[in-house]
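Engineer: Residue numbers (my numbering), protein chains in the order written: chain A, 1 to 265; chain B, 1001 to 1442.
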Amino acid sequence: MREEINVETDVAVNNVKISAKDVQVFYGDNHAIKDVTVEIEDKTVTAFIGPSGCGKSTFLRCINRMNDTIDVCRVVGDIRIDGENIYDPKIDPVQLRAKVGMVFQKPNPFPKSIYDNVAYGPRIHGLARNKAELDEIVERSLRSGAIWDEVKDRLHAPGTGLSGGQQQRLCIARAIATEPNVLLMDEPCSALDPIATAQVEELIDELRRSYSVVIVTHSMQQAARVSQKTAFFHLGSLVEYGETSAIFTNPIDPRTESYITGRIG
Amino acid sequence: MPNDTKILNGASHRSLLSKQDAHTQKRNSAEKRFRIYGMVALSIGVLFLIFLFASILRSGLPAFTQTVVNVEFVVSQEEFNKAESKMLKTKAYQDIFVAALNAELEKRNVEIAYDKKTIERIVGKPGGTIRSYFTEDPSRVGRLAAFELTASSRVDGYFNGRVTRESLVDSRFLKAVDLDLVDALHASGIIRQAFNWNFITGTDSGVDNPGGAGLGASVIGSFFMMLVVLFLSLPIGVAASIYLEEFAPKNRWTDFIEVNISNLAAVPSIVFGILGLAVFIQFAGLPQSAPLVGGLVLTLMTLPTIIISTRASLAAVPPSIRDAALGVGASKMQSVFHHVLPLAMPGILTGTIIGLAQALGETAPLLLIGMVGFVAREYPDGFMSGFTDANSAMPAQIYTWASRADPGFYEKAWGGIIILLLFLITMNAIAIILRRRFERRW
Ligand SMILES: Nc1ncnc2c1ncn2[C@@H]1O[C@H](COP(=O)(O)OP(=O)(O)O)[C@@H](O)[C@H]1O
Ligand SMILES: [Mg+2]
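#1: So with CB distances below 7 Å, who are the chain A contacts of H1339(B)?
#2: Could you give the C-beta distance for H234(A) and G53(A), rounded to a whole number, given that I count them as a contact under 8 Å?
#3: Does the Cβ-Cβ distance between E243(A) and Q228(A) come in under 8 Å?
#4: For P111(A), collect the residues of the same chain with a Cβ closer than 6 Å to its Cβ; drop the 5 residues on either side in sequence, then sort them by chain order.
#5: Near V1229(B), which residues of its chain fall below 7 Å by C-beta distance, leaving aside the five closest residues on each side in sequence?
#6: CB of E187(A) to nearest heavy atom of ligand 2: below 7 Å?
#7: Which runs of the alpha helix (DSSP H) spanning at least 4 residues fall entirely within the stretch 1296 to 1352 of chain B, listed in chain order?
#8: Less than 7 Å separating the Cβ of V214(A) from some heavy atom of ligand 1?
#9: Measuring from each Cβ to the nearest heavy atom of ligand 1, keep the ones under 5 Å and list them in chain order.
#10: Hey, does P1249(B) have any beta-carbon neighbour from chain A nearer than 8 Å?
#11: Determine, using beta carbons only, whether D1156(B) comes closer than 8 Å to chain A.
#12: Please state if the CB of E179(A) and the CB of L134(A) are separated by a distance shorter than 8 Å.
#13: Got a sec? Which residues, its chain only, sit under 8 Å from S1309(B) by beta carbon, not counting five neighbours each side?
#14: Just checking my contact of S1313(B) with A1344(B) at CB under 8 Å: how many whole Å lie between their CB atoms?
#15: Who pairs with C73(A) in a beta bridge, going by DSSP?
#16: By DSSP, does R1192(B) sit in helix, in strand, or in coil?
#17: With a threshold of 6 Å on Cβ separation, who are the neighbours of N1198(B) within its own chain once the five nearest residues in sequence on each side are excluded?
#18: In this structure, how does DSSP classify E1362(B) when only helix, strand and coil are distinguished?
#19: How long is the line joining the alpha carbons of V1182(B) and F1374(B), rounded to whole angstroms?
#20: Given that A1324(B) touches chain A, what residues does it touch there, using C-beta distances under 8 Å?
#21: What number of angstroms, rounded off, separates the C-alpha of G1161(B) from the C-alpha of F1173(B)?
#22: On the DSSP bridge assignment, give the partners of I81(A) in chain order.
#23: Using a cut-off of 8 Å between C-beta atoms, extract the partners of H125(A) located in chain B.
#24: Taking the alpha-carbon positions, what's the M66(A) to I1306(B) distance?
#25: Between which two residues does the beta strand (DSSP E) containing Y241(A) stretch?
#26: Give me the chain A residues within the contact set of S1320(B), using Cβ-Cβ distance strictly less than 8 Å, ordered along the chain.
#27: Tell me the residue span of the alpha helix (DSSP H) that contains K99(A).
#28: So which residues of chain B does T178(A) contact, with C-beta pairs closer than 8 Å?
#29: 8 Å is my cut-off, CB to CB: does L1008(B) come that close to chain A?
#30: Check the Cβ-Cβ distances between Q1193(B) and every residue of chain A, and say whether any is below 8 Å.
#31: Per DSSP, A1151(B) is paired with what?
#32: Buried or exposed, going by whether 16 or more other CB atoms sit within 10 Å of the CB of T58(A)?
#33: So T44(A) and A20(A) are in contact, right, with Cβ under 8 Å, and what is the actual spacing, rounded?
#34: Does chain B have any CB closer than 8 Å to the CB of G236(A)?
#35: Under the three-state reduction of DSSP, which class applies to H1023(B): helix, strand or coil?
#36: Against L1343(B), what residues of chain A qualify as contacts under a CB-to-CB distance less than 8 Å, listed in chain order?
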């Protein structure tokens, strides 16, 4: 009885940010995502885990319509952010991507200065009226990206000159600069060393306060460390979704259990 | 004790390595042999290059010098009036000139017998030039006038080694004995070698006057052609490449177009020439031999080169940059123009300049649109007529000279090649500088 009440208050506090219903994704004839229905909460870190090729990235890229840029890719179904269907023809995918930021597997700063990397998004979306405002956005974003102290003296040095971990935090700051509601991260730590990984994980935990964060990871330890909710994908289907602690300690589906215990790789 | 065994092991290990087995020896000598092959191949290439440049310079440099006859004399008012009152006025000035030359020789104590005809054979008939010098501005009468007259092409050839006494045995243009006078004039400093500015700035001369031939007009012709090529092929080529590489769906149509662009790059240039003749001249009615038509034909030829190199440099930009731009909400076009294109620019510029350089040296298509064989005697009057007036182009002019009978044109052709090569080297240097500058920005 008490359990139930707890769950109910949880739902009341963490209202739904992204809701996907019966999503199918096809790459030509390859049915990569099958019937995925999931509700992702606001101010929460949600981890997507699962073996390689199971469609984690594909599903993540549906949320900001990055799949539109792949010719052969076709998305069917309904994904809503704050109740709005993002596949509605009236929605402009370009505007959507400013609201749903993305961080990629390999740090990919523009070959420009650190300042210009962060300022690019606000510039093209007209978020700053003058230089002072832009400076402020850049500083705020770099602070939120937990990299301000390291780069404040060399804002005009090239972003590509930073270390891997710094580059990834710069990319996170760049994504934050357009004031998104949702941050999507596709294996953001897989190219980083353990120390940089720890820094980025700490940052992700910070970001939870302001954003709905969805992170794809192949490391179950990482999922356990940073996320509150976990979704387990297998062969294009969403097998299990729930509280991270529950998934890791008490998985319901046998496939989840085999994956967690290392029997599906 | 365990330490000891380790050392022993190490020692035996080392001796194993210092003695090469048969397999390693074979592998090492194969490697050495391959390196020698490479060096031999490279040396052969370098030798050919040196040979090429040496022969071009040896044959072409004489085109940049010319033999001139320097004479100073005063024409008094009395002489001027007398000459102007004669029937054969230029003849009178010719006589004045011969007298002056005589006086010059006497002054230097040179004793040599010659007749007037000899002088004509050496410097032609400069009477007209001298007369117009004085009639243009009569105040020059009575003052010292210095003339630098161009010697005939055979005298020029004598100094360049092209003409010898033996080769003049039965020439009616210059006789072997005339060379005595030439030698004497040379020794006394009246005949000397001077830099031939006319070769660079002048226009083409007739088939019988290699001495007066210049490349200037055809350099201008080439310049206007390159303007046409640059301003058509760069925007069209880059736009086509961006569309194909970044926007076009990958389907059978775009595959077909792609394959055909590669095919076009391999089409012999003379085919573009005949296409230009049919389309631009016969159908569209554009003027023959015009740099505009040449430029259009060369644009057709250069476009595939530019498209291929532009697409290659666009494809070389890592996709992660496009993802990054799209990820922060840039539109497809913004991602291309803000990020991809600047990164691809060095490659695009290099490709364009190499395409232009190819077009600059191309002769075959110009053959068919009438630029080869056209004697470019005049510069265009203005900027617009630079495109439409008949003209020649550098390679066409070189081709024309090389096919003329007078051996004097032979060295002009080589000289023209030197100038053409200078242009090409300059263009390549610009390509390198631009590439460096762009690269430093990132
Ligand atoms: N750009 C693409 N074109 C065609 N097929 C793709 C593409 N990206 C992914 N796929 C296919 O979709 C499936 C899921 O891939 P992905 O989402 O990258 O898996 P994950 O991120 O879980 O490793 C795989 O079978 C993969 O081959
Ligand atoms: Mg993936």
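Even for Gly, the Cβ is constructed at its ideal location relative to N, Cα and C. Given the structure is predicted, the values throughout are model-derived calculations rather than measurements.
Structural biologist: By the coordinates alone:
#1: F110
#2: So it is not a contact: roughly 10 Å between Cβ atoms.
#3: yes
#4: T160
#5: G1295, L1298, T1299, T1302, L1356 and A1359
#6: yes
#7: 1319 to 1327
#8: False, no ligand heavy atom lies under 7 Å from that Cβ.
#9: Y27(A), A32(A), S52(A), G53(A), C54(A), G55(A), K56(A), S57(A), T58(A) and I70(A)
#10: yes
#11: At a cut-off of 8 Å between beta-carbon atoms, D1156(B) makes no contact with chain A.
#12: Cβ distance not < 8 Å, so L134(A) and E179(A) don't count as in contact.
#13: G1347, I1348, T1350, G1351, T1352, I1354 and G1355
#14: Yes, S1313(B) and A1344(B) are in contact; Cβ-Cβ is about 4 Å, under 8 Å.
#15: Y27(A)
#16: It is a strand residue.
#17: Answer for N1198(B): G1214, listed in chain order.
#18: coil
#19: Rounded to whole angstroms, V1182(B) to F1374(B) spans 35 Å at the Cα level.
#20: F104, N108, P109, F110, C171 and R174
#21: 17 Å
#22: Looking at the DSSP assignment, I81(A) forms a beta bridge with I18(A) and E84(A).
#23: Residues of chain B passing the Cβ test: G1329.
#24: 31 Å
#25: S237 to E243
#26: F104, K106 and N108
#27: P93 to K99
#28: V1328 and G1329
#29: Because L1008(B) carries a pLDDT of 49, less than 50, the predicted location of this residue cannot be relied on, and no value is offered for it.
#30: no
#31: A1151(B) pairs with nothing; no bridge assigned.
#32: So T58(A) counts as buried.
#33: Not a contact, Cβ separation roughly 15 Å.
#34: no
#35: helix
#36: P111
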